[in-house]
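Be aware that the sequence shown starts at 682, since it is given in my numbering, and climbs by one per residue.
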Amino acid sequence: MLARHQRPLITNARSFSAIYSPSADSAIAAGEIFELNVTLTNQGDRDAIIRVYLDETSQPIWRWCKLSSQNLALATGQSSQINLQIPIPADTPPGVYSYLVVVDAARTYPQENPLQHQAKLTVLPPVQSVVKVNDPTFNLLPISSSTKPIALPVGDKIELEVIVNNRSNRVDRFRLKLIDLPDSWWQVTYPEGIRERGLVEDTDSLALNPRSTATVKLQIRPPATAKAGQYSSTVRLQSSNLPDLVLLDIVYFQIASDNRLDWELKSLVAEINSKPGKFVLLFHNRGNIQRQVRLAVKEKREKPVCNYTLASEQIELLPKSDRSVELEIEPKRRWRKPWWGKGLPLEFQVECQDLHQLPLSPQQQTGTLVWQARPWWHLVLVILAIAGSLTGLGFLIWWLLKPPAPPKIIEFGAESSVYRAANGDSVSLSWEISHPRQIANISLVGRSPDGKVISEAIDFDFSQGLPEELTEFCILQRVLNCRNIRTDARQPGDYLFELIVASDEAKHPDIR
């Protein structure tokens, strides 16, 4: 009896949803009609037009379907069903055929991806209305179904017994094979055949006497690279006497999940100076399921010193596959680079998280990047720069705080060494004095050779600048240049004139 499994499959909640029935792999005899029902629900906020169709890659099922594409208009919150009828031609060879159903609402919800449902349909030989009593039969043990597959641990094998019953009146020879699994996955062991003249026939088939039974061993051993999931395979028994008679049964088995995933952090450039550091994350998916992981890098400092760049922050690993992800680390605070010593060690953590909450060990890997110290001559340059800066600062302070330079008499003398009293001449003097801005007062005193004052003292007050009486005779620039300053020395005799320049008395003495 053929069983159709009608357990519904409901997709994740979104603007539109679909329930497929049957939801799993199915089996049907050639010549019958396979019905696929899709219940649609519009869960969005607007009326929708939803299209259901068989993908053209679903050959030959797409070709058998009379109406492979249908549209359905649904109001908000409304549900309805679409029925796809697929007549299976009576001459269809037995086997397993895949099909893909697509549910798309691109007109109404263009932002959402289509829903897809992938399944397999096993086509069995046509059901015979009359079963001949002499036809051979076989039973497959243990019994399995799509709802109760045989559990197969990773790396293990399934031992099946095929009990063949030759119900005819003639000797028959039987051969067994699995028609939809690779040959490397299975092995058939036949018992010893009929003995003739003391010899044992080759056991590449089963020779069976009339009205007798025998047991054939069938072993299924998937390779280590086989993906986890439910599998089904058609077991076919062929009779040499009845080559047109095809006897089929289906074995269902479930390969257990193996979620082993190893990963490690390796350094390529772990000590840096000016170029970035380089590390690589190596992933080894030793299991039989696809893995999706997300990566993140954190530095073990409150204020990170470096920028961490992953070549990819999310990766997928196929079963029994390897993958590498590069990590580049570049300091962003150049001023933190050490000046001396063995360098600055920077510890960081790479965190790995499985997107489907599958176990992952370890969840963190720790690495260390060493930021090498600067060359010694950098430190020498800094020391010289600091010393130069301190020297310049000291000179500036000295320049700002130093006392002003005192006035200095550069030149002082009479315009002429001889004057004639008879002509009414008087002695005229001239002088040059530096730093004239510091002059407070100038005094002229004429004395005789014995020190007696014989010419009245003349005072010039510079507190308000150049005295008015000197403006005609003096030029005040960087030096004070005075010419033809007349005195009251008119009497005949020798004169000794003393020029007294007074500046800031608190800092400088009078200059004579």
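All residues carry an ideal CB built from backbone N, CA and C; glycine is no exception.
Asked                                                                                                                : Found
Those residues which DSSP pairs with residue 1125 across a bridge                                                    : 1139, 1180
Selected residue, minimal CA-CA separation from residue 993, among 1009, 723, 911                                    : 1009
Rounded straight-line distance, which links the Cα of residue 725 to that of residue 786                             : 11 Å
Sub-9 Å separation of residue 735 and residue 762 beta-carbons                                                       : no
Cβ neighbours of residue 981 in the same chain (closer than 7 Å, five flanking residues each side left out)          : 1028, 1029, 1030
Simplified DSSP state of residue 970, which is helix, strand or coil                                                 : coil
Three-way DSSP call (helix, strand, coil) for residue 701 in this model                                              : strand
For residue 1074, three-class secondary structure by DSSP                                                            : helix
Residues bridged to residue 918 (per DSSP)                                                                           : 857, 928
Residue 756 burial status per 10 Å Cβ neighbour count (16 or more: buried)                                           : exposed
For residue 867, the first and last residue of its enclosing beta strand (DSSP E)                                    : 867-870
Beta-carbon spacing of residue 789, residue 728 below 9 Å                                                            : yes
Endpoints, the beta strand (DSSP E) within which residue 1156 is located                                             : 1155-1157
According to DSSP, residues forming a beta bridge with residue 1163                                                  : 1112, 1155
Cβ shell of residue 686 (< 7 Å), same chain only, five flanking positions each side left out                         : Because the pLDDT of residue 686 is 36, which lies under 50, any placement of that residue in the model is unreliable, and the number read from its coordinates should be weighed accordingly. Counting only Cβ-Cβ distances below 7 Å, and skipping sequence neighbours, we find 703, 705, 707, 827, 828.
Check whether residue 1127 and residue 1136 have beta carbons under 9 Å apart                                        : yes
For residue 736, the three-state DSSP class (helix, strand or coil)                                                  : coil
Segment limits, beta strand (DSSP E) that includes residue 996                                                       : 995-998
Rounded straight-line distance, which links the Cα of residue 1019 to that of residue 1069                           : 22 Å
Where residue 946 falls: helix, strand or coil (DSSP)                                                                : strand
Closer than 8 Å: residue 963 CB and nearest the ligand PLP heavy atom                                                : For the structure depicted, the ligand PLP is absent and the ligand set is empty, with no information on it obtainable.
Cutoff 6 Å; reference residue 995; Cβ partners in own chain excluding five residues on either side                   : 975
Contact under 9 Å by Cβ, residue 659 with residue 854                                                                : Since the first and last residues shown for the chain are 682 and 1193, residue 659 lies out of range.
Same chain only: Cβ atoms within 6 Å of residue 912, ignoring 5 sequence neighbours per side                         : 934
Cβ of residue 1076 within 9 Å of any chain B Cβ                                                                      : Among the chains in the structure shown there is no chain B, since it carries only a single protein chain.
Residue 1052 - partner residues in DSSP beta bridges                                                                 : 953, 1025
Euclidean distance between Cα positions of residue 1187 and residue 1071                                             : Because the pLDDT of residue 1187 is 46, which lies under 50, any placement of that residue in the model is unreliable, and the question is left without a value.
Local conformation of residue 1019 per DSSP, three classes                                                           : coil
Own chain partners of residue 983 with C-beta closer than 7 Å, once the 5 adjacent residues on each side are dropped : none
The stretch 1071-1081 in contact with the stretch 1128-1148 per 3-pair CB rule at 8 Å                                : no
DSSP bridge partner residues for residue 894 (one or two, in chain order)                                            : 846
Environment of residue 851 [buried if 16+ CB atoms lie within 10 Å]                                                  : exposed
Rounded C-alpha distance that separates residue 799 from residue 902                                                 : 25 Å
Counted within 10 angstroms of its Cβ, other Cβ atoms place residue 1184 as buried (16 or more) or exposed           : buried
Three-way DSSP call (helix, strand, coil) for residue 788 in this model                                              : coil
Nearest-angstrom Cα separation, counted from residue 891 out to residue 1194                                         : The requested residue 1194 does not occur in the structure, where the chain is confined to residues 682 to 1193.
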